[in-house]
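Peer 1: Here's a structure for you.
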Amino acid sequence: MKPAREVADTIELHLQYLDQYRGIISAKLTGLSEADLRSSRLPSGWTPLELLKHLVYMERRWLRWGFTAEQVEHPWGDSADDPDGRWTLAPEDTLDGLLAQLHAGGEFTRRVVSGRDPAERAPAGGRFGTDDRPTLNWILFHVLQEYARHAGHLDVARELIDGATGE
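For the sequence shown, full-length UniProt numbering gives the first residue as 1, with consecutive numbering after it.
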């Protein structure tokens, strides 16, 4: 569901749009066969389930490791611990499990950022050093654009798989 047009709080607006895109991602993936989730129809070779895992780890990198400076194990776990690597799946990765992680990450994000000052900077010590600490507003906007961009990718992938279109 889209945020109401009268939402003026920047943090709340980001959070509501992130919730909307998590729902879109879930809807795009639900109903696909295991074979369709794990195979690609694109020259680049990524699969819908790999993209979902990327979103789980992307939000974790920016919010847990980034904004809270929490030390996280395998922050690049979606790409075999290589920030420039290709997205990968483990045999135990499932749609239900990754969707649960996606929504748990969203709950963590909401808990950590609600009511915060959008100009607050991420602390040094996690993902960021002392000189490259972005604001919370910048982080949330970056995470939102990642979701929007990849939801568009899933639109195309889903249409190629079974012809389904729309949000």
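All C-beta atoms in this analysis are idealised placements derived from N, C-alpha and C, irrespective of residue type, glycine included.
Roughly how far, in whole angstroms, is the beta-carbon of GLY66 from the beta-carbon of ILE139, given that I think they are within contact range, below 8 Å?
Peer 2: 6 Å between Cβ atoms; contact.
Peer 1: Measuring straight from C-alpha to C-alpha, what distance separates SER40 and ALA157?
Peer 2: Answer to the nearest angstrom: the Cα atoms are 8 Å apart.
Peer 1: For the segment 112-165, which segments carrying the alpha helix (DSSP H) assignment without a break, of at least 4 residues, lie completely within its bounds, in sequence order?
Peer 2: Runs found: 136-162.
Peer 1: Should ARG60 be labelled buried (16 or more other beta-carbon atoms within 10 Å of its own) or exposed?
Peer 2: Buried.
Peer 1: Can you round the beta-carbon distance between HIS14 and PHE141 to whole angstroms, since I take them to be within the 8 Å contact cut?
Peer 2: Confirmed, Cβ separation roughly 7 Å.
Peer 1: Counting along the chain, where does the alpha helix (DSSP H) carrying THR10 start and finish?
Peer 2: Segment 10-29, the alpha helix (DSSP H) holding THR10.
Peer 1: Run through the segment 70-116 for me and flag every whole beta strand (DSSP E) of 3 or more residues, listed as ranges in chain order.
Peer 2: Listed in chain order, nothing qualifies, since the segment 70-116 has no complete beta strand (DSSP E) run of 3 or more residues.
Peer 1: Tell me where the alpha helix (DSSP H) around MET1 begins and ends.
Peer 2: Run containing MET1: none; DSSP gives neither H nor E here.
Peer 1: How long is the line joining the alpha carbons of MET1 and GLN16, rounded to whole angstroms?
Peer 2: If you take the alpha carbons of MET1 and GLN16, they lie about 8 Å apart.
Peer 1: According to the neighbour-count rule (16 or more other Cβ atoms, all chains shown, within 10 Å of its Cβ), is GLY105 buried or exposed?
Peer 2: So GLY105 counts as buried.
Peer 1: Given a cut-off of 8 Å, decide if THR130 and ALA119 are closer than it, judged by their beta-carbon atoms.
Peer 2: Going by C-beta atoms, ALA119 is not nearer than 8 Å to THR130.
Peer 1: Measuring only the C-alpha atoms, how far is GLY126 from ARG64?
Peer 2: Taking the straight line from one Cα to the other gives about 8 Å.
Peer 1: Among the residues of its own chain, which have a CB less than 7 Å from the CB of THR10, if the five just before and after it don't count?
Peer 2: Closer than 7 Å at Cβ, skipping near neighbours: PRO118, ASN137.
Peer 1: Using a Cβ-Cβ cutoff of less than 7 Å, which residues in the same chain neighbour GLU70 once the five nearest sequence positions on both sides are dropped?
Peer 2: Hits under 7 Å: ARG64, GLY126.
Peer 1: Per DSSP, what kind of secondary structure is VAL7 in: helix, strand or coil?
Peer 2: Reduced to three states, the DSSP call for VAL7 is coil.
Peer 1: Quick test of your reading: THR30 and ARG38, contact by CB under 8 Å. State the CB separation rounded to the nearest angstrom.
Peer 2: The Cβ separation is near 15 Å, so there is no contact.
Peer 1: Measure from the alpha carbon of PRO43 to the alpha carbon of each residue in ALA35, ARG116, GLY166, LEU160, then state which is nearest.
Peer 2: Checking every option, the nearest Cα to that of PRO43 belongs to LEU160.
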